[in-house]
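Here's the structure, in structure tokens; my notes come after.
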Amino acid sequence: MGAAASLANSTAASAAAAERKPARFALARRTILTPVLLSLLLLAIALITVMTGSRPFNQTVIDVFVRVILVVGLYIFIGNSGVLSFGHIGFTCLGAYAAAWLTINPMMKRGSLPGLPEWLLATRLPYWQSAVLAALFAALAALIFGRVLMRLSGIAASIATFAMLAMINTVYSNWESVTGATSSVVGIPIVRTIWPYLIGAVVAVFIAWAHAISRSGLALRAARDEPTAAAASGVDIPRERLVAFVVSGAIMGLGGALMAHSIGVVTPDTFYLGLTFITLSMLVVGGMGSLSGGVVGVVLLSALIQGLRWLEAGVSLGESTFALPKGFRK
Amino acid sequence: MTYKMRIVATALASMSFAYPAMADDKTIVIGFATAESGFMEAYDKPAQEAAMIRIDEINAAGGLLGKQIKVVKADTKSDRAEGAKAGLSVLDQGADLVVVSCDYDFGSPAALAAEDAGRISFFLCAESVKAGIQGVGPHSFSASVLAAVQGATMAEWAFKEKGAKDFYRLLDTWTAYNKGICDGFDWMMPKLEAQGAKLVGDDTFKNEDASIAAQITRIKSLPKEPDAIMLCTMMPGAVSAIKQLRAAGINSMILNGSGVDGSYWLSAVPDLTNFYVPVQGSIYGDDPNPAVLKFNATYKEKTGADPSSQYVFPGYVMVEVWAKAVERAGTTDADAVVAELEKMKDEPTLFGPRTFTPELHHQNQTRYLIVETKAGKPGVVGNWTISEPVPMDALLK
Amino acid sequence: MLQILFDALSLGSLYALGALGIALIFGVMRLVNFAHGDVIAFCVFALLWPSTDAMAIVFAGQLPWYLLVPFVLLCGAGLSVLCEIIVFRRFRQANPATMMIASFALGFVIRYFLLMLFSSRPKSISLLPALSQPVEIFGARLPLLQLITIVTTMVILIGLTLFMRQTRFGLEMRAAAENFSMARMLGVRANRVIMGAFALSGALAGAIALIFGSQTGTLDIQMGASIMLMAFIATVIGGLGSLGGAVLAGFLLGAASVIMQVMLPIDARPFRDAFVYGAVILVLLFRPQGLIAARGTKERV
Amino acid sequence: MSLLALSDITIRYSRLTAVRDVSFSMDEGEILFITGPNGAGKSSLLRAIAGVTPVAGGRIDLAGHEITGQAPENIARLGFSMVPEGRDVFGSLTTEENLLVGTGMHARERGWRSRAADELEAVYATFPMLKERRHGQAGLLSGGQQQMLVIGRALMTNPRLVAIDEPSLGLAPNINDQVYERLIALRAQRQLTLLIVEQSSARAMMVGGRMILMRGGQIVLDGDARTLGNGEAIQAAYFGYEDH
């Protein structure tokens, strides 16, 4: 993970370096190793899984890949801006439901979600198209919410994102005709092969990397480390935050869509506090400031949880979080 | 190297092919993809115990199609993603019947996995119309009765037997189950209104609300206390709502779904009176059917405790109807068994008749016992079967 | 009208007490304690004997009220202090995000511990049944408990204010909440103040547990969560670290909830919380520092 | 034996070294000015003595006890009282409450309440203005009044050594004069040992006593303030002319 360190170091050289294009190419060359290595790691995991041929294990690894996408999405905003967001799982919820709207058999949709607009009721797309649209939908929502919320910073911003999550959850839990309220939305085609999830995770990793070395990403990290200096040198912090918020929102939406396809049912309460804190823990354990930290955090923690489950530790989640504090102290 | 490798590979392959075939020969496998830990465990386990009682009875009587029933289990950890894995896991172990969690939301991932593999799945006690064809597919069934039937039963019974005229509807928006009860009530109400009943008001609350004082104030501001309040909710919020209703001095009849059955919580509302619950069988030792009393005794012997609520019973019913269908089909082949199940009309079981049709793998009309709680003591006071089945469009609302 | 006022006050009381418990700890440690809700749940379950049967085996719940109340308060304080010693003490130097997540993990552990001992099935208990009687006041018929909730909350608030203003410990705590390292340089013992804050916060959790328990008659391992969320929001709107602000915002949230329940048409009522959270965002946008900004709250270095 | 002794103190903030191998000691009753430009490490040094900034190397002794790595509250109990930069008054507390915060640490001793009351009267005698505003909120006091308050607050702990970080910062010159007038009077009255950090050496030369000049985290001059008063040496050291 040496490349990760170099990526982090490059932050220091941030704003000035961002001004010159050739320097950016050099930066890309220097840091490309990180996403490539991470992708290879994920590919290796996928290959091992396919070789074992166990269906439950395959499902477990699909879960891990979905979490990788979610944590990478969180990293894009939290890692780069330093603002803790409790709201991102809201975008996952939006993505998952968007995927449901787009892929369910129109016959079933008419019965269970009659409030959808006519064109949506008639639409039925393959899952990968719906995943892309779900990501765009989540990004749009992130743009709208972000326009308002990115004016805030620090703990007020964190709370406001939480309020956003609660709003999304309340609306989706009660809008009977469009989201089916608290009851499960069913009929989402289930995708049980591992490759789409692998591709999703790899795409997320590369987008995170591209954002991190983009001018906006560099400026945002500079602002995170030296807010006053960055503001003085003309960095428009709310704007750069908004960019990260929208990009991460899109990734969270993608993760939500794939999550929907991995289980086949969606309910609003899947996308609430539990998932929020599990993904946040994974990001923090890996190290909030680095992409590879996030991905490795997910893989390690998932392996730990799975290990404990195999040991039949009984209180699965309780036990796994017990192990957290050791990893917490950076 | 190639020669030896090929032998090993062939041996391995033949073994893996041979394994399910062997399982088919000597035993029939029922796979439980249910919660053995976490939140759902408290709901799945009792019904699963009841299912085990029926399985033991069948095995003791010589088995099914002359084969012993073998049980395999995988824990869903009360988690949806884990539920899908548990479903796949019992399928890998050769399950002919996949039993899934009590609740539709938690059981459906495993049921969908079974549907994919073309096996029959049975929800232990889900009461949503989705637990079956509508939400999983043509091989999926539920062993319990639709929530809507409970709401409709209570409304009709209260009107016809207790002379209730003014109804009030209080819905907890937390779950689909709660809404299901009120959907049944809403379907029944216009029929009763034509005969002189009246809906005097309605309101909603949330299960986790610390206080429903505002909702109670709305009831109290009515010109006259309603005769009956249809309370569409479930634990734990139900106790809180009932307690607050009574503490505010509202003495109307309270009509409920089966979710509040059980005496374990009655201590919270001392001397509760005028309180009615529909149940499939009585756990209070006064069931009109002596076979139910015998079952309760067996259950106590096996688990060391009396059934805590009527949700124990569907587990028994599930194995009962499935085994009958297998006997009649003469095979465990999913499609043949489904066809037999769909032929069942008012099939008698220990806990009331059961009907399955190619449209609905669930009960939309069945006999319910009515349990009244009087001065803190619950007991059966009658039974009721709604005058017509709840139609599909009311269920899919 | 009077009825609505009482409804709003009694719901607001619960939120205010919860917010106070969170604000106390935030003040001295900059920790948003997500485990607070689980401490509340623990306090109620302390009344029962551990058992996974459906029927609750009442243990401490049978004590007469003058023993019961201190018992529950002590339970809360004890657990809270234990959390501080075992977990949070190790995170004093960590950043707020890490602490927040540690507290959430701790909450998980407490919840699963309860789950193991008591199972997830809600239990019922008749707590202080004498309080469930209705009473008549100014022409409004109220449950006695509602009245007692309001009165108790007022007594607790006044008592706490006196404690904070009149005692040396209260003085040290207020000083530490405002500028922790300066207070230490004046000889204020960090451990003592932090443990004091945790103990007070835990006792407040115990008080909520008692009120909540006797109001609902139900014990559920999730029961603290909804209050915790509202209390958390109240703390933020009130101005993190400002005790007065937390109380004020708690009452405001309670009032907002009740008024929306009364005013909204039935189809919009299920969306009540979305409006409440929307109002939270508005407040934050116009006053990011909260309604009553805690003066000079410096980040601990 | 000296009251305060620092040997080879090094302070680092992640990769940045703020103070490098600094040693000096102070005797009881002494007045010592530490001066130097911004970023010389003066405040870091003071905060390290108070125990709020960890040291990366070296040892600090106070009144015969090693205090390296001790908690601030324990260092305060040995008689060290700190007036940090920026006059950290507790803004939401009243003036009197501010003064009383530091008396709590003697609560185990008998008769601390009456002694605290005496101290309070003594401080009010020195700063009558504080008595006028005793029940007013401290955050509403003016800059000069706040400076008096924090000095008074430091005295309330009954200290042997008072360290003051930049008392002149942000004060009008005439107010600043007043502050120093009081400080000098207090020192005479109570036999206080004073450690004062200032950016400019002008004040040190006026008041007299010993002066240490720091630059780049190290001591460059140490001697009698008035002797060092020779402008050129000071200026050379202050701005680092010798480098050129």
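Chains as they are written, first to last, in the working numbering: chain S, 1469 to 1798; chain E, 283 to 679; chain X, 993 to 1293; chain F, 2 to 245.
In this text, a Cβ means the ideal position worked out from N, Cα and C, and glycines have one as well.
{"Item": "Can you find a C-beta in chain S that's less than 8 Å from the C-beta of Tyr1269(X)?", "Value": "yes"}
{"Item": "Would Ala1568(S) and Val1504(S) be called neighbours here (beta carbons separated by less than 8 Å)?", "Value": "no"}
{"Item": "Quick one: is Gly365(E) near chain X, going by C-beta distance under 8 Å?", "Value": "no"}
{"Item": "Have a look at the DSSP bridge pairing and note the partners of Cys1434(S).", "Value": "With chain S running from 1469 to 1798 in the structure shown, residue 1434(S) is simply not present."}
{"Item": "Could you confirm whether any beta carbon from chain X is found closer than 8 Å to the beta carbon of Phe91(F)?", "Value": "yes"}
{"Item": "Report all residues from its chain with a CB closer than 7 Å to the CB of Ala1191(X); omit the five preceding and five following residues, and keep chain order.", "Value": "Ala1069, Ser1072, Val1073"}
{"Item": "Run through chain F and tell me which residues come within less than 9 Å of Met1165(X), C-beta to C-beta.", "Value": "None at all; the shortest Cβ gap to chain F is about 10 Å."}
{"Item": "Leu196(F) to Phe1083(X), Cα distance in whole Å?", "Value": "34 Å"}
{"Item": "Is Ile402(E) helix, strand or coil when you go by DSSP?", "Value": "strand"}
{"Item": "For Leu100(F) and Ser1193(X), what's the separation of their Cα atoms in angstroms?", "Value": "27 Å"}
{"Item": "Select from Gly1242(X), Leu1211(X), Pro1121(X), Met1021(X) the residue whose C-alpha is nearest the C-alpha of Leu1221(X).", "Value": "Gly1242(X)"}
{"Item": "Can you tell me whether Ile1150(X) is buried or exposed, with buried defined as 16 or more other CB within 10 angstroms of its CB?", "Value": "exposed"}
{"Item": "Counting only beta-carbon separations shorter than 8 Å, does Gln432(E) have a partner in chain X?", "Value": "no"}
{"Item": "Entirely within the region 449-499 of chain E and at least 4 residues each: give me those alpha helix (DSSP H) ranges in chain order.", "Value": "458-475"}
{"Item": "In terms of alpha-carbon separation, which member of Pro1062(X), Ile1251(X), Pro1257(X) lies closest to Ala1199(X)?", "Value": "Pro1062(X)"}
{"Item": "Less than 8 Å between CB atoms is the rule here; does Phe1204(X) satisfy it with respect to chain E?", "Value": "yes"}
{"Item": "How about Thr1425(S) and Thr1735(S): are their beta carbons less than 8 Å apart?", "Value": "Residue 1425(S) lies beyond the stretch modelled for chain S, which goes from 1469 to 1798, so this question has no answer here."}
{"Item": "Is it true that the CB of Gly369(E) sits closer than 8 Å to the CB of Ala315(E)?", "Value": "yes"}
{"Item": "Output, in chain order, the set of chain X residues within a Cβ distance shorter than 7 Å of Thr158(F).", "Value": "Leu1178, Gly1179"}
{"Item": "Return the bridge partner residues of Leu1196(X) from the DSSP annotation.", "Value": "Answer is none; Leu1196(X) lacks a bridge partner."}
{"Item": "Which residues, in chain order, does the region 400-418 of chain E contribute to contact with chain S at a C-beta distance below 9 Å?", "Value": "Ser410, Lys412, Gln416, Gly417, Val418"}
{"Item": "Against chain X, which members of the region 89-116 of chain F pass a CB distance test of less than 9 Å?", "Value": "Asp89, Val90, Phe91, Gly92, Ser93, Leu94, Glu98, Asn99, Leu101, Val102, Gly103, Thr104, Gly105, Met106, His107, Ala108"}
{"Item": "If the cut is a Cβ gap below 9 Å, which residues of chain X does Ala72(F) touch?", "Value": "Arg1176, Arg1181, Ala1182, Asn1183"}
{"Item": "Indicate whether Ile1284(X) and Gly1237(X) have their beta-carbon atoms separated by less than 8 Å.", "Value": "yes"}
{"Item": "Could you give the DSSP three-state label for His66(F): helix, strand or coil?", "Value": "strand"}
{"Item": "Less than 8 Å separating the beta-carbons of Ser26(F) and Asp9(F)?", "Value": "no"}
{"Item": "For Ala305(E), name the three-state secondary structure that DSSP assigns.", "Value": "Residue placement at Ala305(E) is flagged as unreliable, the pLDDT there being 46, under the threshold of 50; a coordinate-derived value is accordingly withheld."}
{"Item": "According to DSSP, what are the bridge partners of Ser1116(X)?", "Value": "Thr1210(X)"}
{"Item": "Name the DSSP bridge partner or partners of Ser422(E)?", "Value": "Ser403(E)"}
{"Item": "Among the residues of its own chain, which have a CB less than 6 Å from the CB of Ala303(E), if the five just before and after it don't count?", "Value": "At Ala303(E), the pLDDT of 37 sits below 50, so the modelled position is not reliable; the number obtained from the coordinates is stated separately. Cβ neighbours of Ala303(E) beyond the five flanking positions: none."}
{"Item": "Can you check which of these residues, Gln350(E), Val561(E), Ala496(E), Ala413(E), is closest to Gln432(E) by C-alpha distance?", "Value": "Val561(E)"}
{"Item": "Closer than 6 Å by C-beta to Tyr1740(S): which residues in its own chain qualify, once you throw out the five before and the five after it? Chain order, please.", "Value": "Asn1637"}
{"Item": "Residues of the region 1524-1545 of chain S in Cβ contact with chain E at a cutoff of 7 Å, in chain order, please.", "Value": "Pro1524, Gln1527, Thr1528, Asp1531"}
{"Item": "Go ahead and label Leu1154(X) buried or exposed: buried means 16 or more other beta carbons lie within 10 angstroms of its beta carbon, across all protein chains shown.", "Value": "exposed"}
{"Item": "Is Asp225(F) helix, strand or coil when you go by DSSP?", "Value": "strand"}
{"Item": "Do Ala1566(S) and Ala1725(S) have their beta-carbon atoms positioned less than 8 Å apart in this structure?", "Value": "yes"}
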